[in-house]
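Number of protein chains: 2
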Amino acid sequence: MLHEAIGQWGKILGADAVKSDDVTVDRYARTTAPRGTAPAAVLWPQRTEQVQQIVRIAVRFRVPLYPISRGRNWGYGDACAPQDGQVIIDLRRMNRIVELNRELAYAVIEPGVSQQQLHDHLESSGNDLWMDATGAGPDASVVGNTLERGFGHTPCGDHFANTCGMRIVLADASVLDTGFGHVPGAHATYCYPYGIGPGLDGLFCQSNLGIVTRVGVWLNRRPQAMRAVFASTSSDDDLVDLIDRLRELRLAGLLRSAVHVANDLRLLSSRVDAATSRPLSPGDRQRLRKVHGVGAWNVSSAIYGTRTTVAAAGLQVKKTLRSYRVVSLNDAKLRRAKRAGALLGLFGMGANLRALISVVEPAFEMLKGRPVDAFVRDILPHATCPSESGSLDPLDYHTGLIWVSPVAPAQGDHARRLIQLMEPIYNRFGFDLPVTFTLVTERALSAVTNISFNRRDCEQTERAAACYDELMRTLMDAGYPPYRTGPAGFKRIRTDSPFWHAAQRIKHALDPHGIISPGRYLD
Amino acid sequence: MLHEAIGQWGKILGADAVKSDDVTVDRYARTTAPRGTAPAAVLWPQRTEQVQQIVRIAVRFRVPLYPISRGRNWGYGDACAPQDGQVIIDLRRMNRIVELNRELAYAVIEPGVSQQQLHDHLESSGNDLWMDATGAGPDASVVGNTLERGFGHTPCGDHFANTCGMRIVLADASVLDTGFGHVPGAHATYCYPYGIGPGLDGLFCQSNLGIVTRVGVWLNRRPQAMRAVFASTSSDDDLVDLIDRLRELRLAGLLRSAVHVANDLRLLSSRVDAATSRPLSPGDRQRLRKVHGVGAWNVSSAIYGTRTTVAAAGLQVKKTLRSYRVVSLNDAKLRRAKRAGALLGLFGMGANLRALISVVEPAFEMLKGRPVDAFVRDILPHATCPSESGSLDPLDYHTGLIWVSPVAPAQGDHARRLIQLMEPIYNRFGFDLPVTFTLVTERALSAVTNISFNRRDCEQTERAAACYDELMRTLMDAGYPPYRTGPAGFKRIRTDSPFWHAAQRIKHALDPHGIISPGRYLD
Chain A
225 MLHEAIGQWG KILGADAVKS DDVTVDRYAR TTAPRGTAPA AVLWPQRTEQ VQQIVRIAVR
285 FRVPLYPISR GRNWGYGDAC APQDGQVIID LRRMNRIVEL NRELAYAVIE PGVSQQQLHD
345 HLESSGNDLW MDATGAGPDA SVVGNTLERG FGHTPCGDHF ANTCGMRIVL ADASVLDTGF
405 GHVPGAHATY CYPYGIGPGL DGLFCQSNLG IVTRVGVWLN RRPQAMRAVF ASTSSDDDLV
465 DLIDRLRELR LAGLLRSAVH VANDLRLLSS RVDAATSRPL SPGDRQRLRK VHGVGAWNVS
525 SAIYGTRTTV AAAGLQVKKT LRSYRVVSLN DAKLRRAKRA GALLGLFGMG ANLRALISVV
585 EPAFEMLKGR PVDAFVRDIL PHATCPSESG SLDPLDYHTG LIWVSPVAPA QGDHARRLIQ
645 LMEPIYNRFG FDLPVTFTLV TERALSAVTN ISFNRRDCEQ TERAAACYDE LMRTLMDAGY
705 PPYRTGPAGF KRIRTDSPFW HAAQRIKHAL DPHGIISPGR YLD
Chain B
225 MLHEAIGQWG KILGADAVKS DDVTVDRYAR TTAPRGTAPA AVLWPQRTEQ VQQIVRIAVR
285 FRVPLYPISR GRNWGYGDAC APQDGQVIID LRRMNRIVEL NRELAYAVIE PGVSQQQLHD
345 HLESSGNDLW MDATGAGPDA SVVGNTLERG FGHTPCGDHF ANTCGMRIVL ADASVLDTGF
405 GHVPGAHATY CYPYGIGPGL DGLFCQSNLG IVTRVGVWLN RRPQAMRAVF ASTSSDDDLV
465 DLIDRLRELR LAGLLRSAVH VANDLRLLSS RVDAATSRPL SPGDRQRLRK VHGVGAWNVS
525 SAIYGTRTTV AAAGLQVKKT LRSYRVVSLN DAKLRRAKRA GALLGLFGMG ANLRALISVV
585 EPAFEMLKGR PVDAFVRDIL PHATCPSESG SLDPLDYHTG LIWVSPVAPA QGDHARRLIQ
645 LMEPIYNRFG FDLPVTFTLV TERALSAVTN ISFNRRDCEQ TERAAACYDE LMRTLMDAGY
705 PPYRTGPAGF KRIRTDSPFW HAAQRIKHAL DPHGIISPGR YLD
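Protein sequence lines, in the order shown, are assigned to chains A and B.
Under my numbering, the first residue of the first sequence is numbered 225, with each subsequent residue one higher.
Under my numbering, the first residue of the second sequence is numbered 225, with each subsequent residue one higher.
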């Protein structure tokens with residue numbers, strides 16, 4: 225049956241868009257997880273109509289499909305389906321920016337559009353709009369991240385909340401437009417997210433209910449003024465107070481974007497050589513903080529507005545965080561600092577300043593919606609494997625990576641509790657706990673942590689898998705489920721509840737033969 | 225079958241909670257629409273478990289149910305089901321405020337909780353939180369409005385966007401908790417809206433897929449400072465420029481709440497006596513604007529923050545709107561104005577000031593999240609029917625009312641086009657066009673208009689129905705569907721599209737016997 229399907233897909237898509245050779249299969253079977261899966265074939269459609277045709281053939285021959293946007297879902301399953309033998313639809317060739325509406329500050333894009341592509345397009349189209357970027361790097365898909373409810377750093381940082389109007393191919397090959405998209409000639413499809421009648425958009429996040437081929441993405445109007453606010457604390461114990469203060473700044477509307485609070489290990493991860501034994505001891509951490517000018521907890525946030533409102537809000541933020549070291553930065557100040565660093569370099573000085581700039585600059589760029597590769601570099605084991613090829617794909621380095629991202633109320637006590645739950649487990653299995661708390665709404669934080677390991681080391685890989693299992697069990701039991709997971713987590717997050725039963729009934733109603741991504745969040 | 229069901233419901237709920245007598249049926253059959261429907265019976269459960277029992281019995285005897293929150297959906301169908309013979313579940317006795325979390329600024333409430341009840345509870349619980357209220361009056365349900373995607377005036381003004389965590393009784397009598405609500409002991413249920421896996425919340429807005437019995441509602445942290453900004457224009461033509469400027473203030477984050485722009489007729493509606501012939505002539509409108517100190521277009525908005533950020537943003541807003549008359553107002557200034565008005569009154573003067581205060585004060589209160597009755601009074605035909613009883617229920621006055629609320633991009637040209645499309649139709653049928661444009665997101669506006677008529681006048685009622693039909697046909701054809709509708713609109717908004725087919729398949733999967741609200745948005 226697969227053979228017939230591949231033949232028919234070839235007729236429709238052309239031979240260069242259908243592959244099932246070993247090289248291709250092996251390439252798409254690569255994973256950062258302890259265990260991956262191998263696809264039966266890979267398809268590269270270019271248009272929504274081709275996706276419809278692919279689905280019709282898949283239903284006829286009962287071949288399961290697994291759509292990916294660009295396959296950059298590192299640490300959350302990469303490009304791998306939950307089971308072997310599914311046919312990957314790689315949507316990277318569907319990379320049109322269908323519309324850019326500068327007055328209304330939105331773009332309509334396909335899943336193949338990368339962060340860099342959208343950013344470049346905005347820059348060359350008047351440069352009056354800023355996208356929101358995640359740390360997944362320039363090559364990652366904007367749509368793919370949105371459908372997993374990723375988040376970034378600007379006022380449009382909650383990606384799903386800043387999505388409006390979706391186009392989806394269902395398992396019956398029909399094309400569903402959400403919101404007002406199904407009303408002929410509707411003007412507000414990409415301005416008003418709800419349409420009329422039930423809201424269906426949520427169904428297509430973290431699920432397997434359809435294949436999204438187009439999404440409206442809200443953009444930031446480039447502000448008259450922007451000021452980054454970085455803060456750091458000297459003691460681990462400051463976390464509780466810090467989170468509570470940041471929540472109040474979020475609730476007051478003084479900080480309108482996702483605020484990130486990283487621990488020392490997050491910032492040090494790429495700066496500690498591989499020879500150092502892990503987990504790092506408290507003494508090592510203290511020493512390394514001093515060497516690299518990093519705090520126990522490190523805040524990255526920004527204020528956007530006019531010069532006067534930014535100055536006024538900046539004062540209030542500084543006042544609220546006055547017990548901590550606070551540095552604020554705008555374009556001019558960063559330029560001056562870089563000049564000074566370069567100048568000092570001529571005299572063999574200024575290494576500290578340049579080190580600080582190297583930490584701060586990528587965060588500063590992200591606060592302006594510019595995708596940077598610094599955070600991808602952080603997860604590469606470059607100390608053992610320098611990226612001379614120039615590749616920034618963790619899969620090229622046998623990088624082992626599992627994200628564990630529990631959600632909690634934005635309260636200091638909960639943040640501390642998460643550390644108390646997770647750090648002993650990470651350490652017991654021999655891993656450090658790098659963590660970034662992101663206040664993704666005014667009331668909630670996601671604790672983004674990761675197990676980093678060397679996939680060429682079997683023992684380490686098994687240890688990582690066991691560590692993940694214990695973390696997930698512990699966090700679910702303690703009432704801190706993750707905001708997102710890879711295949712290893714799909715079973716763990718399912719409860720025997722009406723929620724999942726209803727979702728599964730919806731799956732059966734929309735995809736009775738289970739053609740689209742069986743096993744992905746839903747069966 | 226109905227008879228048996230009523231008998232069994234009586235056993236479960238008690239006799240005082242099940243009624244099918246003529247007085248009750250007639251009471252719930254009352255409507256502001258040209259045509260209403262009569263229920264077969266009315267039930268008043270008090271707890272979610274009772275709703276489950278009601279559903280079980282309804283399925284057994286195949287009796288359709290029609291849940292309402294408090295039945296205050298005036299102008300959008302009131303308490304009436306789309307068809308005769310459905311059994312109303314009036315949830316007004318489910319009026320518990322289940323939780324108030326002051327630190328995280330949310331409340332968990334049942335559908336019977338009225339705006340006034342929630343407001344009073346917040347005021348007596350520390351008064352550090354402000355709800356968002358709609359103009360539907362103190363007696364309207366908070367949950368009911370949210371499920372219809374209503375909106376208010378504060379930063380939490382987009383009600384569905386400020387909803388987090390829902391409890392729903394499905395047609396199989398199971399209880400579905402959305403977001404993280406189905407994870408035992410989850411802490412972030414009311415802080416993080418998405419949970420993990422597909423998002424189901426949207427399904428239960430404007431639909432018939434379940435009976436919502438509990439909702440988490442986000443509240444505003446009471447700001448250190450708040451300043452209302454009112455602006456008015458002298459010419460009708462100013463609308464285009466005004467809307468474009470307001471959109472930019474929204475996109476810049478300087479105005480963080482829903483901004484309302486009302487025409488003269490909206491503000492004059494309750495100030496013109498019934499003897500005046502309708503529609504008002506341009507000359508009449510000019511004269512009345514002068515008499516009542518009302519502009520062609522009238523903006524109500526506010527800035528929230530600290531004293532310094534409010535001052536800074538206030539300056540920028542004033543500068544942006546400098547071609548118009550702008551008045552800003554805070555608590556102290558309003559108090560002083562009221563004192564001055566009262567003082568002048570002692571000398572028989574100050575009538576103009578007092579008239580202005582009477583227009584501005586209700587809007588000011590709403591900007592602080594206080595539910596007021598002024599906007600309900602506006603739709604009462606009190607010129608012909610003074611409300612001596614004290615009742616504020618339009619149904620007590622044979623008020624005829626149909627809301628027509630098309631959505632457009634937040635662009636001046638679209639706002640003007642909506643007026644050009646609607647005003648001739650309103651006028652041709654002998655009605656005025658009162659309109660409020662609300663910038664409900666940064667990019668979209670809802671144009672809330674209404675046909676007001678006297679239901680005791682058959683000719684006028686038929687005219688209103690015909691006017692509505694033509695408005696809806698015209699708006700749908702022109703690409704401006706409404707954000708919400710009553711039963712008369714349910715058929716008009718349905719397109720023959722995969723959107724509605726998918727929604728209907730979901731309905732069938734969750735409610736195969738069509739027990740819950742058949743005909744409401746979906747069949």
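We put the CB at the ideal spot given by N, CA and C, even for glycine.
Quantities reported herein were computed from a predicted structural model and do not represent experimental measurements.
Which residues in chain B sit within 9 Å of HIS732(A), going by Cβ to Cβ distance? Against the first sequence, residue 732(A) aligns to sequence position 508. What HIS732(A) touches in chain B: ALA733.
Every unbroken alpha helix (DSSP H) within the stretch 531-574 of chain A, with a cutoff of 4 residues, ordered by chain: Within the stretch 531-574 of chain A, the complete alpha helix (DSSP H) runs of at least 4 residues are 531-544, 555-570.
Proximal residues, the stretch 349-381 of chain B versus chain A, C-beta separation under 9 Å: Residues of the stretch 349-381 of chain B with a C-beta atom less than 9 Å from some C-beta of chain A are ARG373, PRO379, listed in chain order.
So what does SER670(A) bridge to, in DSSP terms? Here residue 670(A) corresponds to residue number 446 of the first sequence, with the count starting at 1. For SER670(A), the beta-bridge partners assigned by DSSP are VAL631(A), THR662(A).
Three-state class that DSSP yields for LEU329(B) in the structure shown: What you label residue 329(B) is simply residue 105 of the second sequence in a count that begins at 1. The question names Leu, but residue 329(B) in the sequence shown is Ala. Look at ALA329(B) here: in three-state DSSP terms it is coil, with no helix or strand label.
Where do the ends of the alpha helix (DSSP H) carrying MET700(A) lie? Along the first sequence, one-based indexing puts residue 700(A) at 476. MET700(A): member of the alpha helix (DSSP H) spanning 682-701, first to last residue.
Check whether the stretch 656-672 of chain B and the stretch 447-456 of chain A are in contact - that is, three or more C-beta pairs closer than 8 Å. The stretch 656-672 of chain B, when compared against the stretch 447-456 of chain A, does not touch it at the 8 Å Cβ threshold.
Who are the near neighbours of THR402(A) in its chain, counting only those whose CB is closer than 6 Å to its CB and skipping five residues on each side? In the first sequence, counting from the first residue as 1, residue 402(A) sits at position 178. Close CB contacts of THR402(A) within its chain, under the 6 Å cut and outside five residues either way in sequence, are with MET390, LEU424, ASP425 (chain order).
Hey, quick one: how far does the alpha helix (DSSP H) through GLY713(B) stretch, first residue to last? On the second sequence, residue 713(B) is found 489 positions in, with the first residue counted as 1. Residues 711-717.
Tell me the residue span of the alpha helix (DSSP H) that contains PRO648(B). For the purposes of this step, residue 648(B) is identified with residue 424 of the second sequence, where counting begins at 1. In the DSSP assignment, PRO648(B) falls within the unbroken alpha helix (DSSP H) covering 636-652.
Close-in-space but distant-in-sequence residues of the same chain around VAL407(A) (CB under 6 Å, 5 per side omitted): The sequence position of residue 407(A) within the first sequence is 183, counting from 1. Cβ neighbours of VAL407(A) beyond the five flanking positions: none.
Touch test, the stretch 348-359 of chain A against the stretch 373-386 of chain A, Cβ-Cβ under 8 Å, three pairs minimum: Taking 8 Å as the limit for Cβ pairs, the verdict is that the stretch 373-386 of chain A does touch the stretch 348-359 of chain A.
Any residues in the stretch 419-443 of chain B with a beta carbon nearer than 8 Å to a beta carbon of chain A? Which ones, in chain order? Cβ contacts with chain A: GLY419, ILE420, GLY421, PRO422, GLY423, LEU424, ASP425, GLY426, LEU427, PHE428, CYS429, GLN430, SER431, LEU433, TRP442.
Distance between GLN430(A) and ILE420(B) (C-alpha atoms, nearest Å): Numbered from 1 along the second sequence, position 196 holds the residue referred to as residue 420(B). Numbered from 1 along the first sequence, position 206 holds the residue referred to as residue 430(A). Rounded to whole angstroms, the separation of the alpha carbons of GLN430(A) and ILE420(B) is 7 Å.
LEU324(A) to ALA639(B) span [Cα, whole Å]: Translated into positions along the first sequence, residue 324(A) becomes position 100. Translated into positions along the second sequence, residue 639(B) becomes position 415. Our two residues, LEU324(A) and ALA639(B), have alpha carbons roughly 21 Å apart in a direct line.
Check whether the Cβ of GLN232(B) lies closer than 8 Å to any Cβ atom in chain A. By one-based count along the second sequence, residue 232(B) stands at place 8. False, the Cβ-Cβ gap to chain A never drops below 8 Å.
If I follow the unbroken alpha helix (DSSP H) through TRP233(B), where does it start and stop? On the second sequence, residue 233(B) is found 9 positions in, with the first residue counted as 1. DSSP places TRP233(B) inside the alpha helix (DSSP H), whose first and last residues are 226-237.
Using 8 Å as the limit for Cβ to Cβ distance, is VAL407(B) near chain A? For the purposes of this step, residue 407(B) is identified with residue 183 of the second sequence, where counting begins at 1. Yes, VAL407(B) lies at the interface with chain A (some Cβ there is under 8 Å from its Cβ).
What distance in whole Å lies between the Cβ atoms of ALA688(A) and ILE626(A), which are believed to be in contact at a cut-off of 8 Å? Taking the first residue of the first sequence as position 1, residue 626(A) is located at position 402. Taking the first residue of the first sequence as position 1, residue 688(A) is located at position 464. For ILE626(A) against ALA688(A), the beta-carbon gap comes to about 6 Å, under 8 Å, which counts as contact.
Which residues in chain B have a C-beta closer than 9 Å to the C-beta of HIS638(A)? List them in chain order. As a position in the first sequence, residue 638(A) is number 414, starting the count at 1. Result: HIS411, ALA412.
Label THR500(B) either buried or exposed according to how many other C-beta atoms from any shown protein chain fall within 10 Å of its C-beta, with 16 as the threshold for buried. Counting from one through the second sequence, the residue named residue 500(B) turns up at place 276. With fewer than 16 other beta carbons inside 10 angstroms of its own, THR500(B) counts as exposed.
Could you tell me if ALA364(B) is buried or exposed, where buried requires 16 or more neighbouring beta carbons within 10 angstroms of its beta carbon? Here residue 364(B) refers to the residue found at position 140 when the second sequence is read from its first residue. Under the 10 Å beta carbon count, ALA364(B) is surrounded by 16 or more other beta carbons and is classified as buried.
Taking three-plus beta-carbon pairs below 8 Å as touching, is the stretch 549-560 of chain B in contact with the stretch 460-469 of chain B? In the pairwise beta carbon analysis, the stretch 549-560 of chain B is classified as not touching the stretch 460-469 of chain B: fewer than three pairs are separated by under 8 Å.
Limits of the alpha helix (DSSP H) - the one that PRO506(A) falls within: As a first step, residue 506(A) is located in the first sequence; it is residue number 282 there, counting from the start. Its alpha helix (DSSP H) spans residues 506-516.
Under the three-state reduction of DSSP, which class applies to ALA526(A): helix, strand or coil? Counted from its first residue, the first sequence places residue 526(A) at position 302. Strand at ALA526(A).
Does any residue of chain A bring its CB to less than 8 Å from the CB of SER721(B)? Numbered from its first residue, the second sequence carries residue 721(B) at position 497. Chain A contact via Cβ: present.
What number of angstroms, rounded off, separates the C-alpha of ASP352(A) from the C-alpha of LEU443(A)? On the first sequence, residue 352(A) is found 128 positions in, with the first residue counted as 1. On the first sequence, residue 443(A) is found 219 positions in, with the first residue counted as 1. Computed Cα separation, rounded: 10 Å.
Measure the CB-CB distance between ALA282(B) and GLY295(B) and report whether it falls below 8 Å. Stepping through the second sequence from its first residue, residue 282(B) is reached at position 58. Stepping through the second sequence from its first residue, residue 295(B) is reached at position 71. Taking the C-beta atoms as reference points, GLY295(B) is found no nearer than 8 Å to ALA282(B).
Residue environment, PRO736(B), which counts as buried when at least 16 other CB atoms sit within 10 Å: Working through the second sequence from its first residue, we reach residue 736(B) at position 512. Exposed, by the Cβ-count rule.
Between GLY299(B) and chain A, is there a C-beta pair that is closer than 8 Å? The residue given as residue 299(B) occupies position 75 in the second sequence. Between GLY299(B) and chain A, the shortest Cβ-Cβ separation is not below 8 Å.
Apply the 10 Å Cβ neighbour rule to LEU289(B) and answer buried if 16 or more other Cβ atoms are within range, or exposed otherwise. Taking the second sequence and counting its residues from 1, one reaches residue 289(B) at position 65. So LEU289(B) ends up on the buried side.
In whole angstroms, give me the CA-to-CA distance for ARG601(A) and LEU616(A). Translated into positions along the first sequence, residue 601(A) becomes position 377. Translated into positions along the first sequence, residue 616(A) becomes position 392. Between the C-alpha atoms of ARG601(A) and LEU616(A) there is a straight-line separation of about 7 Å.
Under DSSP, the alpha helix (DSSP H) around PRO595(B) begins and ends at which residues? Numbered from its first residue, the second sequence carries residue 595(B) at position 371. Looking at the DSSP string, PRO595(B) is not in any alpha helix (DSSP H), and its letter there is neither H nor E.
Inter-residue Cα distance where the pair is PRO742(A) and PHE714(A): Stepping through the first sequence from its first residue, residue 742(A) is reached at position 518. Stepping through the first sequence from its first residue, residue 714(A) is reached at position 490. Rounded to the nearest whole angstrom, the C-alpha separation of PRO742(A) and PHE714(A) is 11 Å.
Listed from N- to C-terminal order along the chain, which residues in the stretch 528-560 of chain A have their beta-carbon within a distance smaller than 8 Å of any beta-carbon of chain B? Hits within the stretch, in order: TYR528, GLY529, THR530, THR532, THR533, ALA535, ALA536, ALA537, LEU539, GLN540.
What three-state label does DSSP hand ARG286(B) in the structure shown? Start at 1 with the first residue of the second sequence, and residue 286(B) comes out as number 62. ARG286(B): coil per DSSP, three-state reduction.
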